[in-house]
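The structure appears below as structure tokens.
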Amino acid sequence: MLKIIFVLLSRSDYYRDATINYEKLTVERNAPRWMKMLKKYGYITAAA
Numbered sequence: 001m002l003k004i005i006f007v008l009l010s011r012s013d014y015y016r017d018a019t020i021n022y023e024k025l026t027v028e029r030n031a032p033r034w035m036k037m038l039k040k041y042g043y044i045t046a047a048a
């Protein structure tokens, strides 16, 4: 455990679990906001 902590501190990095898809989580979290902004600026028209 100390080895992991040492590596993280020496790289100025944070721990990322290998089993979690962080890109997918980011997209799921931000997609509603992205869609709202695309509609707001007219890139996507609202469905009738």
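Counting from 1, one number per residue, gives the positions in the sequence shown under full-length UniProt numbering.
Ideal placement from N, C-alpha and C gives every residue a C-beta, glycine not left out.
Since we're looking at a predicted model, the values are computed, not measured.
Same chain, Cβ closer than 8 Å to residue i, five either side skipped, listed in chain order
| i | result |
| --- | --- |
| residue 28 | none |
Rounded Cβ spacing between residue i and residue j (contact assumed at less than 8 Å)
| i | j | result |
| --- | --- | --- |
| residue 9 | residue 15 | No, residue 9 and residue 15 are not in contact; Cβ-Cβ is about 11 Å, not under 8 Å. |
Distance cut-off 6 Å: residue i Cβ against heavy atoms of the ligand ADP
| i | result |
| --- | --- |
| residue 20 | Of the ligands one can find in the structure shown there are none, so the ligand ADP has no counterpart to examine. |
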